[in-house]
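**Q** In this note's numbering, the protein residues as written are 179 to 275.
C-beta: ideal position from N, C-alpha, C; glycine also.
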């Protein structure tokens with residue numbers, strides 16, 4: 179999915195969201211969300227996700243705790259707070275005819 183990220187609080191973030199605590203483990207190409215059990219790759223405003231079922235990871239470069247607040251599943255909107263809140267929103271897909 180294509181996403182936008184901002185440090186400024188958008189209007190949709192005034193709504194009540196669902197929050198959870200997690201830890202992000204950063205690998206060379208992405209990160210692992212230990213709560214959602216997802217492997218995530220951010221690449222030029224695009225987010226790719228796949229389930230992470232556990233196993234051996236060859237290298238971890240950093241880990242950090244975060245509070246993730248989900249505001250909407252479709253379009254997907256969420257905030258990640260690791261000390262500096264970052265707001266993410268899914269870009270609308272172009273309509274195909």
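Mind reading off the beta-carbon distance from residue 260 to residue 248? Whole number of angstroms is fine, and I expect it under 8 angstroms.
**A** Position 82 of the chain shown, counting from 1, holds the residue named residue 260. Position 70 of the chain shown, counting from 1, holds the residue named residue 248. Actually they do not touch by this definition, with Cβ atoms about 16 angstroms apart.
**Q** I'd like to check one pair, residue 198 with residue 209: are the Cβ atoms closer than 9 angstroms?
**A** Working through the chain shown from its first residue, we reach residue 209 at position 31. Working through the chain shown from its first residue, we reach residue 198 at position 20. Going by C-beta atoms, residue 209 is not nearer than 9 angstroms to residue 198.
**Q** Beta carbon of residue 180, beta carbon of residue 268: below 9 angstroms?
**A** Position 2 of the chain shown, counted from the first residue, corresponds to residue 180. Position 90 of the chain shown, counted from the first residue, corresponds to residue 268. Cβ atoms of residue 180 and residue 268: closer than 9 angstroms.
**Q** Nearer than 8 angstroms: is that true of the beta carbon of residue 234 relative to any heavy atom of the ligand SAH?
**A** No copy of the ligand SAH appears in this structure; indeed no ligand is present at all.
**Q** Kindly give me the distance between the Cβ atoms of residue 226 and residue 235, rounded to whole angstroms, as I take these residues to be in contact under 8 angstroms.
**A** As a position in the chain shown, residue 226 is number 48, starting the count at 1. As a position in the chain shown, residue 235 is number 57, starting the count at 1. Going by Cβ atoms, the distance from residue 226 to residue 235 rounds to 17 angstroms, so no, they are not a contact pair.
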